[in-house]
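Each step along the sequence shown adds one to the number in the numbering used here, with nothing skipped, and position 34 is 38.
All C-beta atoms in this analysis are idealised placements derived from N, C-alpha and C, irrespective of residue type, glycine included.
For clarity, every value in this text was computed on a predicted model and none was experimentally measured.
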Amino acid sequence: MQSKVSARLKRENTQDEIYEKIYVAILEHRLHPGTKLVEERLAEIFKVSRARIREVLARLAHEQVVDLYPQRGAYVARPTIEQALHVFEARRLIEPELVRRLIENLTPERIERLRQHCALELEARRREDKRLIVRLSGEFHTLLSELAGNQALARTMRELSTLTCLIIILYDAPTASSCLADEHSLIVEAIAKRDVELGQRLILEHLEHIEGSLNLEPADSEVDLAKIFSE
5 MQSKVSARLK RENTQDEIYE KIYVAILEHR LHPGTKLVEE RLAEIFKVSR
55 ARIREVLARL AHEQVVDLYP QRGAYVARPT IEQALHVFEA RRLIEPELVR
105 RLIENLTPER IERLRQHCAL ELEARRREDK RLIVRLSGEF HTLLSELAGN
155 QALARTMREL STLTCLIIIL YDAPTASSCL ADEHSLIVEA IAKRDVELGQ
205 RLILEHLEHI EGSLNLEPAD SEVDLAKIFS E
């Protein structure tokens with residue numbers, strides 16, 4: 005019995021590790037939208053069975069991070085413009101409430117964790133570590149939701165943050181930048197002051213800046229070729 009329990013725990017730990025590695029690779033823009041995740045190759049890389057890889061991919065698909073197609077396999081999700089707009093709408097509804105909830109349940113330890121995270125972001129920017137900057141920027145919002153104390157909302161925010169990462173890769177405007185570290189710091193200081201109104205306003209402005217940096221205008225269904233070639 006003991007050996008069966010140990011084997012199950014080891015299997016679950018291995019699955020969690022693989023899941024986390026794929027998740028972080030997506031978050032750090034090392035795996036781009038549309039990338040095919042070949043079961044056989046992943047099984048070789050992680051030295052596990054294809055069945056174990058299928059379990060991980062199914063978990064990522066449940067979180068809408070991976071798309072599964074019968075007879076075709078698994079691909080990193082490619083959110084449409086409509087899906088992108090829905091993601092930002094959901095975040096505008098959820099994140100101000102998370103700020104309020106966090107302030108109501110604020111402790112010195114929680115505010116210190118947020119400040120430490122902002123310090124990590126600033127250090128990553130100082131070293132110009134682009135992959136780490138992207139990952140930490142997304143994880144800031146996940147951390148905020150976790151500290152607010154609602155696990156269901158925290159899971160939702162993790163999913164929305166990852167989808168936002170994919171959206172940024174797909175629809176980044178040429179002049180766009182990722183989350184600004186100083187905006188995160190301003191949000192944290194508003195939370196530290198227990199200023200709900202300011203914290204909620206800053207988080208909404210922050211989301212507006214991210215969405216505004218993206219090219220989410222649908223392409224015209226019909227293109228005027230004569231106009232293009234007459235210029």
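Nearest-angstrom beta carbon gap, residue j and residue i [assumed within contact, 8 Å]
i	j	result
Val103	Val200	7 Å
Leu208	Val138	That pair is no contact at about 22 Å.
Leu253	Pro37	Beyond the ends of the chain as shown, which are 5 and 235, falls residue 253; an answer cannot be given.
Glu43	Arg34	Not a contact, Cβ separation roughly 19 Å.
Arg117	Leu151	7 Å
Gln19	Arg56	6 Å
Leu190	Ala88	Going by Cβ atoms, the distance from Leu190 to Ala88 rounds to 25 Å, so no, they are not a contact pair.
Glu125	Ser141	7 Å
Leu148	Leu202	15 Å between Cβ atoms; not a contact.
Ile172	Leu218	7 Å
Val60	Tyr23	5 Å
Identity of the residues DSSP links to residue i by a beta bridge
i	result
Leu41	Ala78
Asp176	Leu218
Asp71	Tyr79
N-terminal and C-terminal residue of the beta strand (DSSP E) that residue i is part of
i	result
Leu218	Element bounds for Leu218: n/a, residue is neither H nor E.
Residue i versus residue j: straight-line alpha-carbon distance, rounded
i	j	result
Arg114	Gln75	46 Å
Glu48	Ile26	14 Å
Met161	Arg45	30 Å
Arg94	Glu215	Contrary to the premise, residue 94 reads as Ala rather than Arg in this sequence. Straight-line Cα distance between these residues: approximately 12 Å.
Pro100	Val91	15 Å
Cys122	Arg129	11 Å
Leu174	Ala81	10 Å
Ser165	Thr146	7 Å
Glu212	Glu187	12 Å
Arg63	Glu21	13 Å
Arg198	Phe144	18 Å
Tyr73	Ala29	21 Å
Asp40	Tyr79	Checking the sequence shown, residue 40 turns out to be Lys, not Asp. Cα to Cα, Lys40 sits roughly 4 Å from Tyr79.
Leu110	Arg119	13 Å
Asp133	Gly77	32 Å
Ile195	Glu163	23 Å
Asp176	Arg131	22 Å
First through last residue of the alpha helix (DSSP H) which encompasses residue i
i	result
Leu124	Pro112 to Arg130
Ser149	Lys134 to Ala152
Leu97	Ile85 to Glu108
Leu61	Arg54 to His66
Residue i CB to nearest heavy atom of the ligand HEM below 8 Å
i	result
Ala55	Although the ligand HEM was asked about, the structure shown includes no ligands whatsoever.
**Q.** Stretch pair the region 149-161 + the region 68-86: three plus CB contacts closer than 8 Å
**A.** When Cβ pairs closer than 8 Å are counted between the two stretches, the region 149-161 is seen not to touch the region 68-86, the count staying below three.
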